[in-house]
Amino acid sequence: MQGRRNKKLFWFPAIAPLVSVILSTLIVFLTKADKHGVKIVRHIKGGLNRSSVHDLQLSGPQVGQAAKIGLISAIVALTEAIAVGRSFASIKGYHIDGNKEMLAIGFMNIAGSLSSCYVATGSFSRTAVNFSAGCQTLVSNIVMSITVLVSLEVFTRLLYYTPTAILASIILSALPGLIDIRGAYYIWKVDKLDFIACIGAFFGVLFASVEIGLLAAVTISFARILLNAIRPGIEALGRLPRADVYCDMNQYPMAVKTPGILAVRINSALLCFANANFIRERILRWVTEEVNEIKESTEGGIKAVILDVSNVMNIDTAGILALEELHKELLVHEAQLAIANPKWQVIHKLRLAKFIDRIGRGWIFLTVSEAVDACVSSKLTALANC
66 MQGRRNKKLF WFPAIAPLVS VILSTLIVFL TKADKHGVKI VRHIKGGLNR SSVHDLQLSG
126 PQVGQAAKIG LISAIVALTE AIAVGRSFAS IKGYHIDGNK EMLAIGFMNI AGSLSSCYVA
186 TGSFSRTAVN FSAGCQTLVS NIVMSITVLV SLEVFTRLLY YTPTAILASI ILSALPGLID
246 IRGAYYIWKV DKLDFIACIG AFFGVLFASV EIGLLAAVTI SFARILLNAI RPGIEALGRL
306 PRADVYCDMN QYPMAVKTPG ILAVRINSAL LCFANANFIR ERILRWVTEE VNEIKESTEG
366 GIKAVILDVS NVMNIDTAGI LALEELHKEL LVHEAQLAIA NPKWQVIHKL RLAKFIDRIG
426 RGWIFLTVSE AVDACVSSKL TALANC
């Protein structure tokens, strides 16, 4: 019964904003509330702007300034449109194509510029009102556009006494349904930094504007990316018993370290200037600790360091220089450097930099297991020669 009653009243949320505007305007007009402190819309210029094609200038002193402002406006407009679109897409369960959104906004602003329109984007307030009214398809935008066109041509005088508070209340009434407390709690449980970005966006929009909220979220997200890039995870690898698999020894305490060999995995997609020295110093610190632990044992110390670079998608010149310095410092400790499972971009740049020739082509391996076996064989051969 409740479901049928709700279906019969599907039209109510659609006309509620219109009824609110009509009633509030009528009340203000009859009571003369504008003379007692109630702010009203007052005069609205009717009709559409005339064509401004003849005013377009592709040269002159103002073009550079206009291009600069246009670039900033485009970035803000696209960011806001994509963010708003994805928010409502996740609620409604459909997919947003960013390329189509950008094309639509581009053509929309090109057409608008021919009649001196403001920069247009996916409006958060308009989308929230449409969502609250139950709009489902793009036909709602066509109906809305026709309604706005007719209103500008015919009804602008009737909106003179419309209170600005009722316009704000229409937008605010659509917002509570967009606040997902469970979603925020889920983000808090999964990732605290994502939650900080979420809160930054929320308070930025609440107390400033959509642009400030987006800027806060993007800034926090970029700071997180930089933090992860500067201090990537580095794992000491050990061999699982009765298996030929090497994994993080902190995650799998049963993993066994191979004597005399330090296997390390770099958990960063990019080995670059931002993290190269950090990675090199961490590995050398481990080598020093290993040497101090076993310097009195009969095994002699670290004889090989294996770098598992399976997670490294690319490397720059600073990363290559850090590997060269690491190789030289390992030679001082009489240890060999080996590279395991490099991607083609990485191996290509190492070959161009002649780094492979320096460490030896025989010290590039497909897996950590092959590298360990080769290091053990080399170690046994050296002992036999002694």
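So in the numbering used here, spot 84 of the sequence shown is number 149, and the numbers just go up one at a time.
Note that the Cβ used here is the ideal one computed from N, Cα and C, for glycine as well.
Bear in mind that the values here come from a model prediction, so they are computed numbers and not experimental data.
Should Ile371 be listed as close to the ligand MN, given that the test is whether its C-beta is under 7 angstroms from any heavy atom? As far as ligands go, the structure on display features none, and thus does not contain the ligand MN.
Ignoring anything shorter than 4 residues, give me the alpha helix (DSSP H) runs that lie fully in the stretch 255–332, in order along the chain. 257–272, 275–295
Taking one C-beta from the stretch 254–271 and one from the stretch 114–133 each time, how about it: are there three or more such pairs within less than 8 angstroms? no
Taking just the CA atoms, how far does Ile371 sit from Thr432? 10 angstroms
DSSP three-state label for Phe430, please. Here Phe430 sits in strand by DSSP.
Can you have a look at Trp428 and say buried or exposed, based on whether 16 or more other CB atoms are within 10 angstroms of its CB? buried
By the 10 Å Cβ neighbour count, where 16 or more other Cβ atoms means buried, how is Ala281 classified, buried or exposed? buried
With a 10 Å radius around its C-beta and 16 neighbouring C-beta atoms as the bar for buried, classify Asn12 as buried or exposed. Nothing can be reported for residue 12, as the shown portion of the chain is limited to 66 through 451.
By the DSSP assignment, the alpha helix (DSSP H) with Ala422 in it spans what residues? Checking the sequence shown, residue 422 turns out to be Asp, not Ala. Per DSSP, Asp422 belongs to the alpha helix (DSSP H) from 420–424.
Using 10 angstroms around the beta-carbon of Glu346, count the other beta-carbons present and answer buried if the total reaches 16, otherwise exposed. exposed
8 angstroms Cβ cutoff met for Ser238 and Ser197: The answer is yes: Cβ separation under 8 angstroms.
Of the residues His160, Thr186, Ala294, Val437, the one placed nearest Ala169, counting alpha carbons only: Thr186
Ile299: which of Ile134, Ile331, Ser216 sits nearest, CA to CA? Ile331
What do you reckon, are the CB atoms on Ala341 and Ala383 nearer than 8 angstroms? With contacts defined as CB atoms closer than 8 angstroms, Ala341 and Ala383 qualify as a contacting pair.
Can you tell me which residues form a DSSP beta bridge with Ala405? Asp373, Phe430
For Val411 and Val377, I'd like the C-alpha separation in whole angstroms. 8 angstroms
Which two residues bound the contiguous alpha helix (DSSP H) that contains Asn153? Correcting the residue identity first, residue 153 is Phe in this sequence and not Asn. Its alpha helix (DSSP H) spans residues 127–157.
Assign Ile134 to one of two classes, buried (16 or more other C-beta atoms within 10 Å of its C-beta) or exposed (fewer than that). With fewer than 16 Cβ atoms within 10 Å of its Cβ, Ile134 is classed as exposed.
Can you check which of these residues, Gly111, Ser155, Cys337, is closest to Ile244 by C-alpha distance? Residue Ser155 holds the alpha-carbon nearest to the alpha-carbon of Ile244 among Gly111, Ser155, Cys337.
Can you check whether the CB of Leu402 is closer than 8 angstroms to the CB of Ile385? Not a contact, by the Cβ cut-off of 8 angstroms.
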